[in-house]
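Residue numbers (the numbering used here), protein chains in the order written: chain A, 79 to 497; chain B, 359 to 650.
See below:
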């Protein structure tokens, strides 16, 4: 048995001791004593009380202690665990691009044991019910262990009344790209060890990698991109006009990066900005261009490049097993900015694999040990105390306390009448 | 023979303490039986008083023949007679006598006074008896006797008594014919009726002594908040606290003073006895209070 508010027990105990002390110091009407000359005492209305050190009114004392105890117990909120020693299990199933096979994830999740809650995650986490894990598909997004652990922390409170402790089974390749700067801090919030069931990570397919550029010798962007090395570890196609059906088919294939970089206003149907202006620079994760550049479109998606004021200049969208990058940066054909090194640095991030640079390599052993942690499983009491948790005994105990107080009132009145 | 009870054994010391005490009658006694008290009758005792001329009808044997021979006149030789004074001691057994509850000092003192006065009266040669209410509220009476073991008999009756109830004393006083009545009481019962009965007895030639027994705790009740209840009249319950204590003491003192005045005015001998006074000392005071 555990308590929602153990301090209420201490307060009730102190109240009971105070009650007993008060009954020991009883103040009552004096007991009549024989005095043959009582007739000579002035007959006046005098309300006198005497104090005695003796336990008095045992029935009233018992009723009062019982009432205080019942109310104290009710406020303390007893929780009787349905299965003492039971361990609840949360399975965190990785469906991100780091996973080689989702079937392997499902098998590993089953070997972890019966799951009370299943959370699938890539860059975000989602709680599944029943066998929904079987219908979950692999995502092309980067995985985030931080999101998964945070989601587990959020649902742990719902298991607090059903078990004594909670185990997290993390089914993931735990690759480098899934661990970010926040992961250690979020992991530290989980008050127990985590069982890590590692599955095989995706591998980077290099054989057909290369950058496919339009055949237009007058296009300054193509000229600038052609100066980049062609072997960049992924298949990239740069389209300077409108996307064709063939481009779409190609872009759906695994790990293909379709870069839609319109050469002119008419080459894209993206929504226009409310006010078309020019800005002095644009930057990506790999470099920045300082030049006067017009801004025509307002693109939405995962930003891979931003204008100098922070507005996305290039975004990435998942597309089948690959992705499309919309680059809303128009370069003046008369400019030579694309021929300089900053353009090449800037463009390198635009030609990177989907989701940015892929890092499927497993995290080092120290990181994995820190992730798994040591010591016992997380106790459920660490997740109690939230406002929505309550004891089913509380209302009954409070009703019992109120009933005892009523009985006490009746007994007190009857004893007064008898006196 | 049964062993004496502790109380029975203790009154032996009291008898020793009152040995030699005399209890003279307050006035001449009209009894015919010879005794230690002055009689209203003139007789032939050896205690010469005066001569009186012979009158017709006088007993010729009382004529002083030697004086007749010298003076040729017939004189009768007169002498004071001595008579006994039948004494009955009335012991109050009302509930108020069982006070304080734990020690019953009033009752014990009243028992000792009764036995001690009986012993003194018996030592003077007077018939002595006792009357009291027994536990069944019946009057237990031992008529005045002069036999040797009468004091022991009185002690037995007195020691077997038990205070309780609120039986009046006046009917007993009216029913008694002894020349000397002694009331051992706290006068908290039918005091006025008893006084009227005592006056009637005095007017008829008897004498009345009152030993007013007062407990020290009645004079000086415990100095704490006390709900005082009259043991004979349970409906009287009054709170005795510091603010009412002085008035209580004044009322009680005034009442005692009034009682003493009224009983003395009625011709009785009144003696107040406090429970912390030795019984033998109180017996001497009562006996001497009757002297003129």
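We put the CB at the ideal spot given by N, CA and C, even for glycine.
For residue i, count the other beta carbons within 10 Å of its own beta carbon; 16 or more makes it buried, fewer makes it exposed. Which is it?
i: residue 639(B); result: exposed
i: residue 194(A); result: buried
i: residue 404(A); result: buried
i: residue 582(B); result: exposed
i: residue 465(B); result: buried
i: residue 474(A); result: exposed
i: residue 285(A); result: Here the model assigns residue 285(A) a pLDDT of 46, short of 50, so the residue's position is not dependable, and the following value carries that caveat. Flag for residue 285(A) reads exposed.
i: residue 142(A); result: buried
i: residue 547(B); result: buried
i: residue 272(A); result: buried
i: residue 350(A); result: exposed
i: residue 550(B); result: exposed
i: residue 167(A); result: buried
i: residue 358(A); result: exposed
i: residue 442(A); result: exposed
i: residue 360(B); result: Here the model assigns residue 360(B) a pLDDT of 46, short of 50, so the residue's position is not dependable and the matter cannot be decided.
i: residue 424(B); result: exposed
i: residue 566(B); result: buried
i: residue 246(A); result: buried
i: residue 378(B); result: exposed
i: residue 587(B); result: buried
i: residue 157(A); result: buried
i: residue 173(A); result: buried
Any beta carbon from chain C within less than 8 Å of residue i's own beta carbon?
i: residue 605(B); result: Among the protein chains in the structure shown, which are A and B, there is no chain C.
Counting along the chain, where does the beta strand (DSSP E) carrying residue i start and finish?
i: residue 373(A); result: 366-375
i: residue 172(A); result: 165-172
i: residue 248(A); result: 243-249
i: residue 627(B); result: 627-632
i: residue 557(B); result: Note, residue 557(B): premise wrong, no beta strand (DSSP E); alpha helix (DSSP H) at 549-561.
i: residue 641(B); result: Where residue 641(B) is concerned, there is no enclosing beta strand (DSSP E), although the alpha helix (DSSP H) it sits in stretches over 637-647.
i: residue 290(A); result: 288-290
i: residue 498(B); result: 497-503
If you follow the alpha helix (DSSP H) that residue i is in, where does it begin and where does it stop?
i: residue 621(B); result: 600-623
i: residue 272(A); result: Segment 272-275 is the beta strand (DSSP E) holding residue 272(A); no alpha helix (DSSP H) there.
i: residue 428(B); result: 423-429
i: residue 445(A); result: 443-450
i: residue 424(A); result: 419-428
i: residue 468(A); result: Here residue 468(A) belongs to no alpha helix (DSSP H), and DSSP marks it neither H nor E.
i: residue 261(A); result: 261-267
i: residue 514(B); result: 508-518
i: residue 529(B); result: 528-533
i: residue 256(A); result: It is not in any alpha helix (DSSP H) - residue 256(A) carries neither H nor E in the DSSP assignment.
i: residue 211(A); result: Unbroken run through residue 211(A): none, as it is neither H nor E.
i: residue 186(A); result: 180-189
i: residue 91(A); result: 85-102
i: residue 233(A); result: 223-234
Can you name the residues that DSSP bridges to residue i?
i: residue 573(B); result: Answer is none; residue 573(B) lacks a bridge partner.
i: residue 597(B); result: 585(B)
i: residue 542(B); result: 449(B) and 569(B)
i: residue 140(A); result: Answer is none; residue 140(A) lacks a bridge partner.
i: residue 404(A); result: 338(A) and 393(A)
i: residue 474(A); result: Its beta-bridge partners do not exist; DSSP assigns none.
i: residue 205(A); result: 197(A)
i: residue 329(B); result: Absent from the structure is residue 329(B), since the part of chain B shown begins at 359 and ends at 650.
i: residue 112(A); result: 587(B)
i: residue 383(A); result: 362(A) and 392(A)
i: residue 157(A); result: 80(A)
i: residue 442(B); result: Answer is none; residue 442(B) lacks a bridge partner.
i: residue 456(A); result: 244(A)
How about residue i: is its Cβ closer than 7 Å to a heavy atom in the ligand ZN?
i: residue 606(B); result: Of ligands this structure carries none, so the ligand ZN is not represented either.
**Prompt:** Can you list, in chain order, the residues of the stretch 577-599 of chain B whose Cβ is nearer than 7 Å to any Cβ on chain A?
**Reply:** 579, 583, 584, 585, 586, 587, 588, 589, 594, 595, 596, 597, 598 and 599
**Item:** Interface residues of the stretch 535-563 of chain B facing chain A [CB-CB below 7 Å]
**Value:** 544 and 546
**Prompt:** Going along the stretch 405-428 of chain B in order, which residues come within less than 9 Å of chain A, judged by CB to CB distance?
**Reply:** none
**Item:** Contact residues within the stretch 445-463 of chain B, judged by C-beta distance below 7 Å to chain A
**Value:** 454, 457 and 459
**Message:** Please give me, in chain order, every unbroken run of the alpha helix (DSSP H) with length at least 4 that falls completely inside the stretch 292-368 of chain A.
**Reply:** 298-303 and 323-330
**the stretch 608-639 of chain B: positions lying closer than 7 Å to chain A by Cβ** = 609, 610 and 613
**Request:** Identify each residue in the stretch 106-123 of chain A for which the Cβ-Cβ distance to at least one residue of chain B is less than 9 Å, and report them in chain order.
**Result:** 107, 108, 109, 110, 111, 112, 113, 114, 115, 116, 117, 118, 119, 120, 121, 122 and 123
**Message:** Give me the subset of the stretch 470-489 of chain B whose CB atoms are less than 9 Å from a CB atom of chain A, sorted by chain position.
**Reply:** none
**Contained alpha helix (DSSP H) runs [length at least 4] in the stretch 444-494 of chain B, N- to C-terminal order** = 463-481
**Request:** Below 8 Å between beta carbons is the criterion; list the residues of the stretch 488-515 of chain B that meet it against any residue of chain A, in chain order.
**Result:** none
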